[in-house]
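Beneath this line is the structure, given in structure tokens, with notes to follow.
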């Protein structure tokens, strides 16, 4: 009888493990993986959760980008962090997507903020590829959930590393153009690159949602901005991409500050790439 119970428990554990992080190319499956990640941390702690859910090359910004598994192998454990996704997108090729939403740190000094997680699908399973966040005061505004499914599903049949590299170069060139335009015209340059539904996460601020609000934010506070791209990555379906690097911001208040940034782009019907997500976190120099 005891052996039968043990066998059942092992079988159940294997079944749960098999379905955890399961990816079928939908946003629904990504949101489920994100929630499983949060539940795992609450139950088993951050060290176990990040080790289990992260890809081998995953990056966490603490504050600068470091390997997730290496970082958490040397950190003290915690179960104080909780979060929930409120906005999520997946590329039409289903190979990567992202979620964002509010988090709460219930540690000794309670903190609130917004996170961004980038996920990649590997062998039918979602793996965390990148994680970062910004802090702000206790939120006053509730953000409505928006989980957007791909309008179609498409993956190239003969995608090679050469094709992937060429795609990444396109995004790198787009960001170089953005940087050049920022140098020439200041933050007004963002007006040509922001999607109407863009979301901006910036330290000290609740999510800034919509192009008009984002431009008002930039025009009101920032004098100049320069970007130094570290890496660009484009989904195989060719509809979404992300970059990360260092942004140097000159404020109108005669102050300069450096940030790690992650930008997410979406290809438009006119074949231009617009920003749908911008996240800035303080960089340690």
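In our numbering, the protein residues as written are 664 to 948.
Glycine included, C-beta positions come from ideal geometry on N, C-alpha and C.
No experiment lies behind these values; they were computed from the predicted model shown.
Going by DSSP, residue 693 is part of the alpha helix (DSSP H) stretching over 690-707. Within the stretch 878-936, complete beta strand (DSSP E) segments of at least 3 residues are found at 885-897, 903-914 and 919-930, given in chain order. Ranking 889, 733 and 698 by CA distance to the CA of residue 714 puts 733 first.
In the displayed model, residue 725 falls within coil according to three-state DSSP, outside both helix and strand.
By the neighbour-count criterion, in which 16 or more other beta carbons inside 10 Å mark a residue as buried, residue 907 falls on the buried side. Excluding sequence positions up to five before and after residue 691, its CB lies within less than 8 Å of the CB of 810 and 812, all in the same chain and listed in chain order. The residues 881, 882, 885 and 888, in chain order, have a CB closer than 7 Å to that of residue 850 in the same chain once the five nearest residues on each side in sequence are set aside.
Residue 924 sits close to residue 910, with the two beta carbons spaced by under 7 Å. Rounded to whole angstroms, residue 815 and residue 931 show a C-alpha spacing of 14 Å. Collapsing the DSSP output to three states places residue 842 in a helix.
For residue 731, the enclosing alpha helix (DSSP H) covers residues 731-736.
Membership of residue 849 in any beta strand (DSSP E) is not indicated, and neither H nor E is assigned to it by DSSP.
Closest by C-alpha distance to residue 826, out of 855, 900 and 706, is 900. The straight-line gap separating the alpha-carbon atoms of residue 716 and residue 789 is approximately 8 Å. Between residue 856 and residue 779, the CB-CB gap reaches or exceeds 7 Å. Under the criterion of beta carbons closer than 8 Å, residue 737 and residue 748 do not qualify as touching, at roughly 28 Å.
For residue 858, the enclosing beta strand (DSSP E) stretches over residues 857-864.
Taken through DSSP and simplified to helix, strand or coil, residue 752 comes out as strand. Secondary structure of residue 772 (DSSP, three-state): coil. Counting along the chain, the unbroken beta strand (DSSP E) around residue 810 starts and ends at 809-811. Boundaries of the beta strand (DSSP E) harbouring residue 797: 788-799, taken from the DSSP string. If you draw a straight line from the Cα of residue 723 to the Cα of residue 820, it comes to about 32 Å.
For the pair residue 703 and residue 695, the Cα-to-Cα distance works out to about 12 Å.
Per DSSP, residue 803 is not a residue of any beta strand (DSSP E), being assigned neither H nor E.
In the structure shown, residue 718 adopts extended strand secondary structure according to DSSP, grouped into three states. For residue 710, the secondary structure class from DSSP, reduced to helix, strand or coil, is helix.
Boundaries of the beta strand (DSSP E) harbouring residue 745: 744-746, taken from the DSSP string. Taking each of 869, 861 and 866 in turn and checking the Cα distance to residue 877, the smallest one comes out for 861.
In chain order, 884, 885, 886 and 920 place their CB closer than 8 Å to the CB of residue 914, counting only its own chain and leaving out the 5 sequence neighbours on each side.
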